[in-house]
Amino acid sequence: MKTLIKTSLKLLLRTKAFWFFLLLMPMLSTLILKVKFDSSAAYVDNNKEEIIELKNADTKVAYNGGKGEFVVKVYDASKSEMSEYLLKKLAKTGLFLVCRVDLSEQTLAEDFMDKHLDRDGFEDKMGAAIFISADFDELVTSGNSDKALTVYVLSDDTRETALENELILQLGRMEQYPSVDTLQEMDTQLPEKELVAVAGGSTRELTQKQTNQRSQIGYAFAFMTLCFVFCGIFIAHAAIREQKNGVFTRLTLTKIGSLQYFVSKFILAAIVSAMVTVVMSGWSLLINADDIGMGRLSFLAMIFMMGLIFCTLSMLVGILMGDVMGANVAAFTIWCISALMSGLYFPLNYTSDALKVASYLMPQKWFLEGTEMIFVGDKGAPFMILCITVAFLVVILSLGSLGLKFKRTDEWGNA
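Numbering of the sequence shown is given in this note's numbering, commencing with residue 1380 and proceeding in unit increments.
Structure (structure tokens):
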């Protein structure tokens, strides 16, 4: 057994591509953890009853309407108390998601709206756009509210009728009571709306910083998954050569049976996972624990267990394929599908229920869940991750051994 492991490890260390993945992927994972960016908009629900301020007129609003809200992009050339009051009333209805661009300090060309409407219609996604003129207050107070703003319908969503009715209602009130203080005083006499949020017991509230860290760790997991998948394939390459050269057949005729042979390959996969984790621990010294959001040992433990799963999986798939090129394609496919469906690149909050259920078949999904549990201080995170690792390994090894049994039976039958 020891001789098999040592021989296989020596052959693996002679593979130049193995060193490429062993050293480069942990480095890339470390770099992505050092990059500072804000991804909270993709993971955190927007407050529907607040106006979302956009940086400039070219900022897209498609990413804000994740749950299918009726998004309204407002080009506000006035930015007065009256326009502020109007937009707040629109937002507080709960029917519309109001995104505003402040144009009050800009000089607008005559074709400004034409250019942006073309862009909004073809390159963005929204229900409607509203342009509020610079002299909004004067037009409203003088009874010319129909000229104070322009509504552009950019979808076939029937909710645009509700938007127009709400605008007519509020503009009529503003014409009748041309004072924001008076309007606000009247609003206090209206019944107060009470919002009750109902959340499941498994809901975890993350801060904006933790949300960004979760996103970064997801990208780091993607790089590390690619590393482990191909490290397992390199082990499979050696096993494929041994099968084709008759080495495996000769070993099965000795005291070393097929079971011990594949156990030695599994131990080799564990050693490789440990090697990658050690390299990752060295690179991780370049970042602070605060950048990760958890203890360094917890992060490295997750890397090792995830590596054990994917290294074993790709190794067995490669051996079952029995072909080097086929094994490489299978490894890349495993990495692509598992990373996409587990939510490493983007959140699955608003996807279909079927896709959400399928995501739990991907190991990375559970490690992301474990990451969130660690962030919120859940002491059950280590046990959960350990159980998931054991469960995936049992399933992978069981299916792999069954596949190898059928493969050997088929080979002997053909012989």
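All C-beta atoms in this analysis are idealised placements derived from N, C-alpha and C, irrespective of residue type, glycine included.
Note that the structure is predicted; figures quoted are calculated from it, not measured.
Excluding residues up to 5 positions away in sequence, L1401 lie with their Cβ nearer than 8 angstroms to the Cβ of M1654 in the same chain. Going by DSSP, L1383 is part of the alpha helix (DSSP H) stretching over K1381 to L1392. M1700 is classed as buried because its beta carbon has at least 16 other beta carbons within 10 Å across all chains shown. A direct Cα-Cα distance of roughly 10 angstroms separates V1608 from T1712.
By the criterion of a C-beta distance shorter than 7 angstroms, E1429 is surrounded in its chain by A1470, once the five residues flanking it on both sides are discounted. Residue environment for A1709: buried (at least 16 other C-beta atoms within 10 angstroms of its C-beta).
Distances from the alpha-carbon of L1679 to those of T1409, T1386, K1735 and W1398 put T1409 closest. Under a 10 Å Cβ-count criterion, L1747 is classified as buried, with 16 or more other Cβ atoms of the shown protein chains found around its own Cβ. Between A1441 and D1516, the C-beta gap is not smaller than 8 angstroms, which leaves the two residues out of contact. Counting only residues of its own chain and dropping the five nearest sequence neighbours on each side, W1662 has a CB closer than 8 angstroms to the CB of P1405, M1406, S1408 and T1409. A1527 sits close to V1519, with the two beta carbons spaced by under 8 angstroms. Across the structure, S1594 and A1668 are spaced so that their CA atoms are roughly 16 angstroms apart. Take M1673, set aside five residues on each side of it, and the residues of its chain with a beta-carbon closer than 8 angstroms to its own are T1750, I1753 and F1754, in chain order. The alpha-carbon of I1650 is positioned some 34 angstroms away from that of L1727. Shown here for T1472: same chain residues with a beta carbon closer than 7 angstroms to its own, the five before and five after excluded, namely E1545 in chain order. F1510 sits in a strand when the DSSP states are folded into three classes. In the same chain as I1646, and ignoring 5 residues on each side of it, the C-beta atoms closer than 7 angstroms to its own belong to I1384, in chain order. When Cβ pairs closer than 8 angstroms are counted between the two stretches, the region 1536-1555 is seen to touch the region 1473-1492, the count reaching three or more. Counting of Cβ neighbours within 10 angstroms places R1479 among the buried residues, the total reaching 16 or more.
Looking only at A1718, A1648, D1702 and G1447, the smallest Cα-Cα distance to M1684 is reached by A1648. Counting only residues of its own chain and dropping the five nearest sequence neighbours on each side, S1660 has a CB closer than 8 angstroms to the CB of R1675 and L1679.
Along the region 1712-1777, the alpha helix (DSSP H) occurs as fully enclosed runs of 4 or more residues at 1732-1738 and 1742-1754, listed in sequence order.
Here M1741 is near M1720, since their CB atoms are less than 8 angstroms apart.
Apart from the 5 residues on each side of it in sequence, Y1556 sits with its Cβ closer than 8 angstroms to the Cβ of L1562 and M1565 in its chain, given in chain order.
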